[in-house]
Amino acid sequence: MASSFIDKATIRVAAGRGGDGAVAFHREKYVAAVGPDGGDGGRGGDVIVTVDDHMSTLMDFRYKRKYVAGNGMNGNGRRCSGKDGESLTIKVPRGTLIRDKATGGILHDMSGDEPFVVAKGGKGGWGNQHFATPTRQVPRFAKPGLPGEDREVVLELKLLADVGLVGFPNVGKSTLLSVVSKAHPKIANYHFTTLFPNLGVVYVKEGVSFVMADIPGIIEGASEGAGLGHDFLRHIDRCRLLIHLVDVSGSEGRDPVEDFETINTELRRYSEALAERPQLVVANKCDLLSPEDRAPIERLKAHVEKLGYRFFELSAATQQGTRELMLAAAGELAELPPILRYEPDYVAPLPTVDTSGELEYRKLDADYWSVEGPWLQSLLSRVNLGDYEGRIYFDRVLREAGVFTRLEELGIRDGDTVGIYDLEFEYQS
Ligand SMILES: Nc1nc2c(ncn2[C@@H]2O[C@H](COP(=O)(O)OP(=O)(O)OP(=O)(O)O)[C@@H](O)[C@H]2O)c(=O)[nH]1
Ligand SMILES: [Mg+2]
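Heads up: the sequence shown at position 300 corresponds to 393 in this note's numbering, and the numbers run straight through without jumps.
Below you can see the structure in the form of structure tokens.
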């Protein structure tokens, strides 16, 4: 589809890393005592996503694919904390779904107004001021900052519309939208005039209005890529009601009943749920049939009513029947559940790490042991210690990597503190 309408994009989002904590000591003339006053590192900036109602495509993401927030600054003496890294805000059109690229899981549906943090900045390391205890008055260590989240995400636009128009090309979908709303979609007597979705607001009466989406035409084999394919059906995924337009004039030599079935088959191939969505079936271009040639209308009517659909006769071009159709649509919508919002279903996989790299074990004080190293830092920044499963997993990886065995060899005793970046725990054999 050669157009500037981009409705899917993959981008990389990288939050800032946290600054390192400082080791510093407070000194005053004539005062003997020195106190630790190393400040903390600043937090890394987040990458945040917000909705911008002036945007209607993901075009901006075609050329710019990497979004990086600022790093936190290191802490300094005199208890000066490092400056937090600057957060970065990305704007997307309303209705954009954010998925994790690796798992396909839904991270967030940008339908509402609340911003979403798609990559969290790394925590700053603590300065040595935090490590003073009655028995350890001169802590000569501080903590490094942690890396920020860095991930690839897929942005997928799914417009927010109550009603979706479906049908073969050239049946009059755009014409219908143009006569019942203020939208000005392109209309012409050839196939695939519409290349990307158009939205229009249909005002029915005071207090009653709805949003209708006009999408490109569907043909047989769309699910295999025929015509414009069927990817654009994602824009009517959320629709509460479909209006299925069928050309009954025979102007293209096709059979209305077959057309109706073909479209439903293609919808089903895209998604069972979409095929099951309530439909109003509409015979369009009725003005082209003479009153004595109602046979195609009657055949379609009988066919769809037997299947339980409501049927309407229409001439979008002369606006015959449009009012009745819009009233019926509004009536159906009043009974239907609200527009679909996608619930997040992303489950962070437990991070796999190669634990073969060397770790640095340091006894920083009589009862304080520090363990650091690249893989440990990476594991810590990716595992969720807030949940039970995450903690068990972290413990297991450390055990299997021989961290506790090594600490015992070095002489750790029960009750000593183990510090791993911003994590501290009391050692129990
Ligand atoms: N006579 C008559 N012509 C109509 C009617 N509705 C639409 N048309 C004509 O049919 C042609 C196609 O109309 P469109 O509204 O562009 O059709 P579409 O379904 O949006 O087509 P695609 O965007 O290509 O899928 C245009 O020439 C319209 O003027 C109708 O009710 N009666
Ligand atoms: Mg059209």
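Cβ coordinates follow ideal geometry from the N, Cα and C atoms, glycine included.
All values derive from a computational prediction rather than experimental measurement.
Could you spell out where the beta strand (DSSP E) holding residue i opens and where it closes?
i, result
"E406", "R403 to E406"
"R105", "K101 to A107"
"N377", "Q372 to N377"
"E465", "Y461 to E465"
"I86", "Lying outside 94 to 522, the shown extent of the chain, residue 86 is not represented and no answer is given."
"Y160", "K159 to V161"
"I143", "As written in the sequence, residue 143 is Thr, which differs from the Ile given in the question. Note, T143: beta strand (DSSP E), V140 to V144."
"E121", "F118 to E121"
"E385", "Segment: none, E385 is in no beta strand (DSSP E) and carries neither H nor E."
"V185", "L181 to V185"
"I336", "L334 to D340"
"L190", "T189 to D193"
"F518", "L516 to E519"
How about residue i: is its Cβ closer than 7 angstroms to a heavy atom in ligand 1?
i, result
"K184", "no"
"V341", "no"
"A108", "no"
"S274", "no"
"L381", "yes"
"F285", "yes"
"I280", "yes"
"V374", "no"
"A410", "yes"
"D268", "According to the sequence displayed, residue 268 carries Thr and not Asp. Within the cutoff, so yes."
"G163", "no"
"N377", "yes"
"G257", "no"
"G401", "no"
"V264", "yes"
"G175", "no"
"G414", "no"
"G424", "no"
"G112", "no"
"G346", "no"
"Y310", "Note that residue 310 is Gly in the sequence shown here, rather than Tyr. The answer is yes for G310."
"G293", "no"
"G260", "yes"
At a cut-off of 7 angstroms, is residue i close to ligand 2 when judged by its beta-carbon and the heavy atoms of the ligand?
i, result
"D352", "no"
"D307", "yes"
Taking the alpha helix (DSSP H) that residue i falls in, what are its first and last residues?
i, result
"H223", "Taken as a continuous stretch (DSSP letters only), H223 belongs to no alpha helix (DSSP H), as it is neither H nor E."
"E207", "Premise fails: E207 is in no alpha helix (DSSP H) and is neither H nor E."
"D488", "Y481 to E493"
"T358", "P349 to Y363"
"I505", "Segment: none, I505 is in no alpha helix (DSSP H) and carries neither H nor E."
"I390", "A388 to K399"
Can you find a CB in chain D that lies within less than 8 angstroms of the CB of residue i?
i, result
"P389", "The question asks about chain D, but that chain is absent: this structure has only one protein chain."
Cβ pair count under 8 angstroms reaching 3, the stretch 348-358 against the stretch 380-394: yes
In chain order, each beta strand (DSSP E) run of at least 3 residues that lies wholly inside the stretch 249-309: 256-259, 291-298 and 301-307
The stretch 266-281 in contact with the stretch 237-248 per 3-pair CB rule at 8 angstroms: no
Continuous beta strand (DSSP E) assignments of at least 3 residues falling wholly in the stretch 421-452: none
Three CB pairs or more closer than 8 angstroms across the stretch 359-371 and the stretch 327-337: yes
Given 8 angstroms, three or more beta-carbon pairs between the stretch 156-169 and the stretch 126-138: yes
Three-pair Cβ contact test at 8 angstroms for the stretch 137-150 versus the stretch 220-231: no
Cβ pair count under 8 angstroms reaching 3, the stretch 193-203 against the stretch 148-157: Result no; under three Cβ-Cβ pairs closer than 8 angstroms.
Inter-stretch contact at 8 angstroms, needing at least 3 Cβ pairs: the stretch 203-218 / the stretch 101-114: Between the stretch 203-218 and the stretch 101-114, the count of Cβ pairs shorter than 8 angstroms is three or higher; the stretches touch.
Inter-stretch contact (C-beta, 8 angstroms, three-pair minimum) for the stretch 338-345 and the stretch 315-327: no
Meets three-Cβ-pair contact criterion under 8 angstroms: the stretch 399-412 and the stretch 368-386: yes
The stretch 479-486 / the stretch 452-469 touching (three or more Cβ pairs under 8 angstroms): no
The stretch 473-480 contacting the stretch 440-452, beta-carbon criterion three pairs below 8 angstroms: yes
Segment contact flag, the stretch 506-515 with the stretch 247-258, C-beta cutoff 8 angstroms, min 3 pairs: no
Segment contact flag, the stretch 264-272 with the stretch 490-503, C-beta cutoff 8 angstroms, min 3 pairs: no
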